[in-house]
Every structure is written in C-alpha cells, then in structure tokens.
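Data block below; observations after.
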Amino acid sequence: MSASTKRRTRSRAWRFVVGALVAAAVITLILRATVIDLFYIGSSSMEPTLNPGEGLLVNRLAYKGTEIQRGDIVVFDGRGSFLPYQRANPLDSMARALRLSGNDSTYVKRVIGVGGDSVTCCGPEGQLKVNGIPLEEDYVFAGDKPSDLEFTVEVPADRLWVMGDHRSISEDSRSLLGAPGGGMIARDRVIGEVADVIWPLESRRSATDASDAK
Numbered sequence: 003m004s005a006s007t008k009r010r011t012r013s014r015a016w017r018f019v020v021g022a023l024v025a026a027a028v029i030t031l032i033l034r035a036t037v038i039d040l041f042y043i044g045s046s047s048m049e050p051t052l053n054p055g056e057g058l059l060v061n062r063l064a065y066k067g068t069e070i071q072r073g074d075i076v077v078f079d080g081r082g083s084f085l086p087y088q089r090a091n092p093l094d095s096m097a098r099a100l101r102l103s104g105n106d107s108t109y110v111k112r113v114i115g116v117g118g119d120s121v122t123c124c125g126p127e128g129q130l131k132v133n134g135i136p137l138e139e140d141y142v143f144a145g146d147k148p149s150d151l152e153f154t155v156e157v158p159a160d161r162l163w164v165m166g167d168h169r170s171i172s173e174d175s176r177s178l179l180g181a182p183g184g185g186m187i188a189r190d191r192v193i194g195e196v197a198d199v200i201w202p203l204e205s206r207r208s209a210t211d212a213s214d215a216k
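Counting with the working numbering, you get residues 3 to 216 for the letters of the sequence shown.
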C-alpha cells in the first residue's frame, strides 16, 4: 500500500470517528432535552432522601398524560416562582441545554400538595395536614419538625406546593408565602420526576427506594 493510500485511509477513519462522535453528542442532547436527563444535588435540603453530590437520573416523560402525585420528588425550573424576578432568556436556555452554564435555577423538592388541595401546618399532633388528613412523613430529616412555620394554603389548579425533606434548612414553598404566586410551582415548570440515584456508584438506588413514603 502506497503512502498516499495510507493517508487517505487514515483520513477516512478520522472522519468516521469525528462524525460518530458528533452524532453521539447530538443524540445525547436530544435525549437529555426530551426523554431522560442528569442532575446533581447541590444542597442538603432533601436529606436524608437525597444527599449533596449525588447524581440523579430524571425522567422527562414521567408526566406525559399522567398527573403529578403527592409525594413525588420532582425537578423543576424555579424561574417565575422560586426566582420570581428572573426572566427566561432564549440564549441562556440553549446554554443550559448544552450544559455550558450552571443549573442555578433548577430545584428538586417533594410534592406535598397538588391543585385543589388544602395544606396546613400543623395539626394538634404537629403533623402537616392535606385536605384535613395528617401526613405520616417518615422521610423527614431526623430531629426536624414537619415545619417550624405555621401556614394554611389552598393550592390553585395546575400548581404545586413543594417542600424539602430536611425541613429545618429547606428553602421551599414556605419561604415564598408573601411573594407573587405564594410559593406555588407552575405545573408546566416541572422538568421531570427523579427516577434513580446513579452517582456515586455506592449510592445507586431506585426512586422507589429514595422515596418509599409516597
């Protein structure tokens, strides 16, 4: 085989490798934008269910044609609720999809109330009540009360009342009672449901294991 033939062969091989890598990257971006995505826990607000540094596999299709349920652990975009004065920027949204910027507007919390629910803290026995029924919340961080803040809220249609499991440090719907929207998360801001904890390897567990008190 001549030197020129070898160069052409190597060139074709490199073009194939580069093309395959580009195709894989595009497919990955499409999947992460429409089917399944990966997020990392950056705070302690969901302990002991989810811990700082853990990687979460999030199912973006979990609520296609299915209603969000009380007890679900969801990832959502906090702009317009947790970040009421931050407007969406198309270029910023693109950068986030490409993972060129941080996810500082993305949160993970547990759904306590859905549209039409009345959520109250706290009942005579110190429990949260949803529609008058006390909640058994085995997932709450050891030593924490269900809430140090007393409140009664009515959740509008297509909205969610969310709270962290580490109640004493979680900034959640309770923190925004006086803000526009009253701390309620718009249903269409939900990115998906936490499906699995996949990182670190020794922490791998299913969403059922992570949220066995739904």
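All C-beta atoms in this analysis are idealised placements derived from N, C-alpha and C, irrespective of residue type, glycine included.
Residue i classed as buried or exposed, judged by whether at least 16 other C-beta atoms fall within 10 angstroms
i: Y224; result: Residue 224 is absent from the model: the chain starts at 3 and stops at 216.
i: L179; result: exposed
i: P148; result: buried
i: I114; result: buried
i: L40; result: exposed
i: S172; result: buried
i: G167; result: Just to set this straight, residue 167 is Asp in the shown sequence, not Gly. With 16 or more Cβ atoms within 10 Å of its Cβ, D167 is classed as buried.
i: K111; result: buried
i: S177; result: exposed
i: D74; result: buried
i: E195; result: buried
i: L130; result: buried
i: L137; result: buried
i: T193; result: First, the amino acid is wrong: residue 193 is Ile here, not Thr. Counting Cβ neighbours within 10 Å, I193 comes out buried, since at least 16 surround it.
i: D174; result: buried
Beta carbon of residue i nearer than 9 Å to that of residue j
i: F143; j: E56; result: no
i: T154; j: V132; result: no
i: Y141; j: T51; result: yes
i: R169; j: S83; result: no
i: A181; j: R161; result: no
i: P54; j: G44; result: yes
i: D119; j: R72; result: yes
i: E152; j: C124; result: yes
i: V77; j: I70; result: no
Residues bridged to residue i (per DSSP)
i: F41; result: L58
i: A64; result: Paired residues: none, contrary to the question.
i: R161; result: A188
i: T154; result: T122
i: I75; result: R112
i: L85; result: R81
Same chain, Cβ closer than 7 Å to residue i, neighbours up to 5 away in sequence not counted
i: L59; result: I38, L40, A197, D198, I200
i: L85; result: S107
i: P158; result: G117, M186
i: D79; result: S107, T108, R191, I193
i: N61; result: I38, G194, E195, A197
i: G128; result: K147, P148
Cut-off 6 Å between Cβ atoms - residues of its own chain near residue i, not counting five sequence neighbours on either side
i: G183; result: S83
Same chain, Cβ closer than 8 Å to residue i, neighbours up to 5 away in sequence not counted
i: Y2; result: For residue 2 there is no data in the structure shown, the boundaries of the chain being 3 and 216.
i: M165; result: K111, R112, I114, S149, S172, D174, S175, R176
Checklist entry - Could you give the uninterrupted runs of the beta strand (DSSP E) lying entirely in the segment 103-135, keeping only those of 3 residues or more? => result 108-115, 120-123
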